[in-house]
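Student: One structure is given below, represented as C-alpha cells, and several questions about it will come after.
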Amino acid sequence: MRTLLAVSVFYCCSLSLAKASGISGSDRRDRNNTKNAPLFVCSTDTMPRMQAQPGVIKIPVRGKLHDVFFYAIPADEFPEEKEVLKKKTLSPENKRPQLLKVTGNILYDVNYRSRIDTPYNENDVYQHTVQTRLDLLYKEKYPFRMYVTTRFSNSSLFRKYTDLNFQFSQVDFKRKLKQQVFDAVQSHLLSQNNLCDSLKRLLEVKKLAISSIHMDLQKPNLIQKIVEERERQLLEARMLLKQSSIPGREEITDSLKLLFKKKESDSTNSDNKYNRYKDSLEAKKQQLDSLIAEYHALEAAFARVKSAEQTNLANLKKQIDGAKDAQALEEQLHQLKVPDTVLPKGYKTLYSIQSLSIGRSIADYSELSVKNVSITGLQVEYNPHYYYAVAAGKVDYRFRDYIVPNHSRSNQYLALARFGKGTKNGSHLIFTYYTGKRQFFNAAIASQPTGGIPSYNLAGISIEGIYALNKNISVIGEVAKSTMPYYSLDSMQSKGWMNAVTRFSERSNEAYSVKLLSQFPKTLTRFSGNLRYTGANFQSFSTYTSGASQLKWNVQLEQSLLKKQLTLISSLQQNDYNNPFATTSYKSSSLLASFQANLRIKKWPILSIGYYPSYQLIKTGDDAYSESRYYTLTGSAGYYFNIRDAQFSSYVVFSRFFNSANDSGYIYYNSKNILLSQSIAWDRFSVMGSASLSNGTDYNMYTIENTCQVAINKIVSVGGGGKMIQYSLNPQTQWGYNANLTLKIPRLGDIQLMTDEGYLPAVNKQLVKNRTGRLTYYKIF
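Residues 365 to 1145 in our numbering are what the sequence shown lists, from first letter to last.
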C-alpha cells in the first residue's frame, strides 16, 4: 500500500512538474494553451533510445522502481525543439531528389517605327522577338541552361532568324558544389567542437539556478508574517477579556501571566526565525550575486568561442570560394577528414568543364586566333590539369543586320582545337590550331560586277602563354602564323596551301602580341598595356586583313585618390582601326587619347568629366562606307537627396562634338548640348521634367519634356507626358507626346505598352515626325 502511495505521489509530482515546465519561462508565447496540452507518461526497465515521436518531446526522470521514468510534452510548447524534430523528420536521406526542375522566363516583344533613322529610309517597320530562357536542374545537382530566340520583321533590311543555345551552367554548378562542401565542413566542425555546446548547457544550468534563487527572494517577507501573527494573538487576548463569565482575580492574574509568558516565548521564537531567515536571505543574495557574475563570465566566454568559430567558418568559406579546381576542394575535405561522398558523382569531371555549349554562342579564345566571333555550333573547354578546347560552327559576322546586303553573304565556318598546360585563367602555355572559311570584306572587291563577295579558306597556329610575376602583375604573350591570303602570289597553289605555316623564312604572315596587366593595392593604381603587330598577309578570325602590316598599341592608367573618392582614367592608343569595309592596303598611324574623371563625395553631387574619341560610319554608295573620327567632351553632375518621404534626383549633362562639315555627315556637327533634368518620386507617384538646349553652327534647338508616372495599385501603373520643340530653322513649334501602361497580373505575367511621338533629322536640316510603339510581355516561371 505504501509503495502504491509513493508511486501515486511521484506520478502526481511528475504531472505537476510537466505542467510547470510547459508554462514557465518568459519565452512562452501563450501560457493558456498549455491547459489542453496532452501529456504522455510511460516507464521502462531499460534506458530507451532518445528518439522522440513526431511532435513529441520526451523528458527522462529516474526513479527508485524503474531505471527511467519519463514524460512527453507536445513540441508546440518548444518551438526550437519542434524545428529540430521537423528537420530530423524531413532529413535529406528520407527525401527523394526531384528528377528535373524547370524554371525560367519567356519574352515577347514587338517594336514599331514609322521611320528608320539615316542612312536608310523605310517606313512602318515592325520587329517581332520571341525569347525564352529555361534553367534546368537535373536531380537537384546538375544545372543546365537553354535559350531559344526567334526574330522576324516586315522589313527587307532585317534578317529573320531563329537561334538556340543549350549549355552546361558551369557557374551555377561550381556555386552549388562549393556550398555543399561548406555545409559538410560546417556540420563536421560543429560535431567535433563540443566546447560551444558545453558552455551553452552550463549557461542554461546557471540560468535556472539564478531563476530559482530569484523566485525565493521574491516570496512574501517573513517580518510581515511575524507582525501579523502578533496582531492575531493580541486580538485573541482582547476577546478573552470581553467574555461574559468573569473569573476571580487570582485566575485572571494567573491567566495573564501565562499569556504574557507565552507571548514572550512566541516573540523570542519569532525573533529567532526572523534572524535565521535574515541570514538565509543574505546568503542567498550573496549566492545570487556570485551566480550572476559566473553567468556573465560564461556568457563572455561563450561569445568569444562563438565568434572564433564564426571567424573560422568565414575563413573556410573564403578558401572554398577561392578554390580554382576540384583538387583544391578535395584537399579541403581531406584536411578536415570529411569524406568526399558528400559531393555528387563525377564532380571532378564536371568541375573541370569550363564551357559546354551547343547552338549560337560567342567564341573568345586568344588575341591572334579567334576572338569575339559569333558562331552556331559546338564549344567545349575542359581544364583539369591540362587544358583542352574544341570549337566548330558556322560564322556570322553580321552584327549590323542592314549593313551587308543579303545577296553578298556567303557561308563561313571555323574549327579550332587547343591544348596546353595550366589553368585557363591562371598561368598557362596553350597551343592553338584554327582553320575555316571566311568571307573577305573589302569595299574594292565588294563592288565587283558580279555583286558577290568572295570567300577563302584560311588556317593558322598560335602559342599563347600567361605568366604571373606575382598576384598583382601578369604578362600575356602570343605568337601566330597563318596561311597566305588567296590574292597573294602563292595563294592559288593547291599543293602548298599549308606550306606557308611551316615556312619560317616568310615573315609577312606572322603576328605577335604582348599584354601587361598590373595593379598596385597600396597606391590604388591599375596599369595595363597592349602591343600587337600583324603582318601584311596574316589572317585569322580576330583581325581584318587589310593588305598592309599594322602596329597597334595602347596603354591605360587608372588611379584612385582621396580615399577612392576621386578616380582618374586615361588612355593612349595608336591605330585602332578595325573596319571591314576599308580599302585594300590601308595603313594608319593615327594617335588617339582619352581621359575620364569621376568624383564621389558623400552628401555631395556626383561629378564626371570625359574627353574621348567618337566614331561615325557613313554610307558613301552601294556597298561603300567610310568612317570618321572626332573628339567629344562630356561632363555631368548628379545629386540625390530626400525631403521627408520624397526622393529627388537632379542631373546636369553637357556635351560638345569637335568636328566639322568636311569630316562628318552628321548635320549637327560641332554642336554644344546641355540638359537639365529633375525627378521626384513619392509613394506611388513620380514626375520627371527636363529641358535641353542644342547649339550648332547655324541653328538653335530648345526642348522641354515632362513625364508623370502613377502606380494605381500593385497591378496597374500608367504614365504619360508631352514634349515641345522649338527649332530656329522652323518657325512653328513642334509637339510630341509619350504614354505607357504596365500591367503586373499575378500568374499571368507583366504586360508593358509604350508609345512615343518625336522627330528625326532629315535632309536640308529639317525635322520629320517619327512615331514608335512597343508591346512587351514578360513572364517568370
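In this text, a Cβ means the ideal position worked out from N, Cα and C, and glycines have one as well. None of the values given here were measured: they were computed from a predicted structure.
Assuming Gln923 is part of the beta strand (DSSP E), what are its boundary residues?
Tutor: Taken as a continuous stretch (DSSP letters only), the beta strand (DSSP E) holding Gln923 covers Gln914 to Leu925.
Student: Tell me the DSSP secondary structure of Tyr1063 in three-state form.
Tutor: Three-state DSSP puts Tyr1063 in coil, outside helix and strand.
Student: As a quick exercise: from Gln718, Tyr1101 and Phe959, pick the residue whose alpha carbon is nearest that of Ala753.
Tutor: The candidate whose alpha carbon is nearest that of Ala753 is Gln718.
Student: Which word fits Val737, buried or exposed, when buried means at least 16 other C-beta atoms lie within 10 angstroms of its C-beta?
Tutor: That one is buried.
Student: Just the C-alpha distance for Thr467 and Leu528, rounded to the nearest angstrom, thanks.
Tutor: Their backbone Cα atoms lie some 17 Å apart in a straight line.
Student: Based on the DSSP output, what are the partners of Lys564 in its beta bridges?
Tutor: The partner list for Lys564 (beta bridge, DSSP) is empty, contrary to what the question assumes.
Student: To which residues does DSSP link Asp1114 through a beta bridge?
Tutor: Bridge partners of Asp1114: Lys1108 and Tyr1142.
Student: Comparing alpha-carbon positions, which option in Ser954, Phe1018, Ala661 and Gly999 lies nearest Arg993?
Tutor: Cα-wise, what sits closest to Arg993 is Ser954.
Student: Can you tell which of Ala1075, Ala1126, Gln960 and Phe1022 has its C-alpha closest to the C-alpha of Asn1104?
Tutor: Of the candidates Ala1075, Ala1126, Gln960 and Phe1022, the one whose C-alpha sits nearest the C-alpha of Asn1104 is Ala1075.
Student: When you compare the segment 741 to 749 with the segment 696 to 703, are there three or more beta-carbon pairs, one atom per stretch, that lie closer than 8 Å?
Tutor: Short answer: they don't touch.
Student: Alpha carbon to alpha carbon, how far is Leu997 from Ser1019?
Tutor: Those two C-alpha atoms are separated by around 5 Å.
Student: Around the Cβ of Arg539, are there at least 16 other Cβ atoms within 10 angstroms (buried) or fewer (exposed)?
Tutor: Exposed is the call here.
Student: For Glu658, name the three-state secondary structure that DSSP assigns.
Tutor: Reduced to three states, the DSSP call for Glu658 is helix.
Student: What did DSSP end up calling Leu888 once you bin it into helix, strand or coil?
Tutor: Coil at Leu888, not helix or strand.
Student: Does DSSP put Val865 in a helix, in a strand, or in coil?
Tutor: Residue state, collapsed to three classes: helix.
Student: Quick one: measure Cβ to Cβ for Ile1044 and Thr1067, integer angstroms, because I've assumed they're closer than 8 Å.
Tutor: Not a contact, Cβ separation roughly 20 Å.
Student: In chain order, which alpha helix (DSSP H) runs of at least 4 residues are fully inside the segment 672 to 725?
Tutor: Qualifying alpha helix (DSSP H) stretches, in chain order: 690 to 699 and 711 to 716.
Student: Which value, in whole angstroms, describes the spacing of the CA atoms of Tyr995 and Arg782?
Tutor: The straight-line gap from Cα to Cα measures roughly 41 Å.
Student: Evaluate contact between the segment 1068 to 1087 and the segment 1044 to 1060, counting only Cβ atoms and requiring at least three cross-stretch pairs below 8 Å.
Tutor: Yes, since at least three Cβ pairs between the segment 1068 to 1087 and the segment 1044 to 1060 fall closer than 8 Å, the two stretches touch.
Student: Buried or exposed: where does Leu832 fall if 16 or more other Cβ atoms within 10 Å of its Cβ makes it buried?
Tutor: The sequence shown places Ala at residue 832, not Leu. Classification for Ala832: exposed.
Student: Using CA atoms only, rank isn't needed, just tell me which of Pro507, Gln1096 and Ser725 is closest to Asp536.
Tutor: Considering only alpha carbons, the answer is Pro507.
Student: Can we say the segment 956 to 967 touches the segment 921 to 941, given the rule of at least three CB pairs closer than 8 Å?
Tutor: Yes: the two stretches touch, three or more of their Cβ pairs being nearer than 8 Å.
Student: Is the beta carbon of Leu881 sitting closer than 9 Å to the one on Ile827?
Tutor: Contact: no.
Student: Tyr850 and Ala823 look like a contact to me (Cβ under 8 Å); what is the Cβ gap, rounded to whole Å?
Tutor: Actually they are not in contact, since the Cβ atoms of Tyr850 and Ala823 sit about 13 Å apart, beyond 8 Å.
Student: How long is the line joining the alpha carbons of Met1052 and Cys1072, rounded to whole angstroms?
Tutor: Distance between the alpha carbons of Met1052 and Cys1072: 6 Å.
Student: Smallest Cα separation from Leu921: which of Leu714, Leu888 and Lys928?
Tutor: Selected option, being the one with the closest Cα: Leu888.
Student: Nearest by alpha-carbon distance to Thr787: which of Phe666, Ile480, Ser892 and Tyr715 is it?
Tutor: Comparing Cα positions, the closest option is Tyr715.
Student: Are the beta-carbon atoms of Arg1135 and Asp1120 separated by less than 9 Å?
Tutor: Taking 9 Å as the Cβ cut-off, Arg1135 and Asp1120 qualify as a contacting pair.
Student: Which class does Ser935 belong to by DSSP, given the choice of helix, strand or coil?
Tutor: Correct three-state label for Ser935: strand.
Student: Going straight from the alpha carbon of Asp704 to that of Ala690, what length do you get?
Tutor: Going by the C-alpha atoms only, they are around 11 Å apart.
Student: Who are the Cβ neighbours of Lys758 in its own chain at under 8 Å, not counting the five residues just before and after it?
Tutor: Cβ within range, chain order: Ile739, Thr740, Gly741, Asn775, Gln776 and Tyr777.
Student: In this structure, how does DSSP classify Ile1079 when only helix, strand and coil are distinguished?
Tutor: Coil, per DSSP.
Student: Distance check for Ser1000 and Ser838, CA to CA, integer angstroms please.
Tutor: When rounded, the distance between both Cα atoms is 35 Å.
Student: Measuring CA to CA, which of Ser872, Asn918 and Phe891 is closest to Thr898?
Tutor: The shortest C-alpha separation from Thr898 is found at Ser872.
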